[in-house]
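Order-wise, the sequence lines are chains A and B.
Residues in the first sequence are numbered from 1 upward in steps of one, following this note's numbering.
Residues in the second sequence are numbered from 170 upward in steps of one, following this note's numbering.
There are 2 protein chains.
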Amino acid sequence: MAISMYSASVPVFTRTLGQLAAWLDKAEAHAQAKKFDTSVYLAARLAPDMLPFTKQIQIACDAAKFGVARLAGVESPRFEDNETSFADLRERIRKTVAFVNSVPASAIDGTEDKDITVPRRDGNIVLKGEFYLKHYVQPNFYFHVTTAYALLRHNGVELGKGDFLGTLS
Amino acid sequence: MAISMYSASVPVFTRTLGQLAAWLDKAEAHAQAKKFDTSVYLAARLAPDMLPFTKQIQIACDAAKFGVARLAGVESPRFEDNETSFADLRERIRKTVAFVNSVPASAIDGTEDKDITVPRRDGNIVLKGEFYLKHYVQPNFYFHVTTAYALLRHNGVELGKGDFLGTLS
Chain A
1 MAISMYSASV PVFTRTLGQL AAWLDKAEAH AQAKKFDTSV YLAARLAPDM
51 LPFTKQIQIA CDAAKFGVAR LAGVESPRFE DNETSFADLR ERIRKTVAFV
101 NSVPASAIDG TEDKDITVPR RDGNIVLKGE FYLKHYVQPN FYFHVTTAYA
151 LLRHNGVELG KGDFLGTLS
Chain B
170 MAISMYSASV PVFTRTLGQL AAWLDKAEAH AQAKKFDTSV YLAARLAPDM
220 LPFTKQIQIA CDAAKFGVAR LAGVESPRFE DNETSFADLR ERIRKTVAFV
270 NSVPASAIDG TEDKDITVPR RDGNIVLKGE FYLKHYVQPN FYFHVTTAYA
320 LLRHNGVELG KGDFLGTLS
């Protein structure tokens, strides 16, 4: 029993990335109804020195991608961070989900005590797999996903908690 | 091995609630420097139909409180949702941390398959303990904590990712 490293990572990320993709649909419908271009969302920020919407989605994807790749000890696909449209963002999410789903549970389970090297602005740090997942990857992932949600809400898109949590039954 | 239900709940919540309390200190310092009252933050919203700052903190605390109480099958302390100041919010966070820390690991470990009844606006739902923690409590907790962070950033408080993630070494 107990929660496996796999079940606390891949399904957590794919579930929420699926919600994120659905928010893009609602954002697109809102833009159409209000007659503005979806590109308006891409540069939206909550503060002048916060990252814009596109970057929030890129980093949310990367949190999942690098988290899974580092735990499993596999190479992660390189994304160019060149998304300039909703279609590009959808593709970024799709590629991320495809990658994390390609990693077998056996490569992630058992990595609780594995040393994970995490590049940080001020140098590498080394964290144990379980700490890395629970106190770095998960909060970082939810941080950027929630900020993307907040940006859409701030720009008038009708989303609710159900859109964030997804299906519960 | 594997992640225990306790380690994926209580320490996750107390760690991040500790960061949240520290953001209040920075927000207070910012208000003093800019000569406005901290009560201005309390009513701040990112959208007219989103919940204000005070409510974000109340719900973040409740996500932790009810999550832990329902998994452990213990009564949770009743909070009146009557916070009207930063001092009140600090006390709410303190009481929440004290409660979740009062629940022994033995009461939460092993609840992976326990049926948890979750009251929702449209009626009760029943989720298994592990699903409830990973796909309901954790995302809901991070949602409200991140929204509180976003509200402070939106109002000029100088916070960074380090303030969100906390100490990593």
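We put the CB at the ideal spot given by N, CA and C, even for glycine.
Start and end residues, beta strand (DSSP E) containing residue i
i	result
L296/B	G292 to K297
D284/B	D284 to R289
Residue interval of the alpha helix (DSSP H) (run including residue i)
i	result
H30/A	V10 to K34
V40/A	S39 to L42
E244/B	It is not in any alpha helix (DSSP H) - E244/B carries neither H nor E in the DSSP assignment.
N82/A	Run containing N82/A: none; DSSP gives neither H nor E here.
V314/B	Q307 to H323
G331/B	K330 to L334
G91/A	For the sequence presented, residue 91/A should be read as Glu rather than Gly. Note, E91/A: alpha helix (DSSP H), F86 to S102.
A171/B	Unbroken run through A171/B: none, as it is neither H nor E.
A107/A	A105 to I108
Within 8 angstroms, strictly: CB atoms of residue i and residue j
i	j	result
V237/B	I277/B	yes
V179/B	V269/B	yes
T223/B	E252/B	yes
I226/B	I3/A	no
T96/A	L71/A	no
H187/A	A63/A	The structure shown does not extend to residue 187/A, since chain A is modelled only from 1 to 169, so the question has no answer here.
V12/A	K303/B	yes
Y142/A	T315/B	yes
L328/B	K195/B	yes
A355/B	A31/A	Any question about residue 355/B goes unanswered here, given that chain B covers just 170 to 338.
Y6/A	A98/A	no
M219/B	R153/A	yes
S317/B	A229/B	Just to set this straight, residue 317/B is Ala in the shown sequence, not Ser. In contact: A317/B and A229/B (Cβ atoms closer than 8 angstroms).
Contact belief for residue i with residue j at Cβ below 8 angstroms, rounded distance in angstroms
i	j	result
A216/B	N324/B	No, A216/B and N324/B are not in contact; Cβ-Cβ is about 14 angstroms, not under 8 angstroms.
L337/B	N140/A	Actually they are not in contact, since the Cβ atoms of L337/B and N140/A sit about 11 angstroms apart, beyond 8 angstroms.
heavy atom of the ligand HEM below 7 angstroms from residue i C-beta
i	result
P180/B	Within the structure as shown, the ligand HEM is missing, as the structure has no ligands at all.
Determine, using beta-carbon pairs with one atom in the region 297-312 of chain B and one in the region 204-211 of chain B, whether at least three such pairs fall under 8 angstroms. No, because fewer than three Cβ pairs between the region 297-312 of chain B and the region 204-211 of chain B fall closer than 8 angstroms, the two stretches do not touch.
Does the region 10-23 of chain A come within contact of the region 287-294 of chain B, defined as at least 3 CB pairs closer than 8 angstroms? No, the region 10-23 of chain A does not touch the region 287-294 of chain B.
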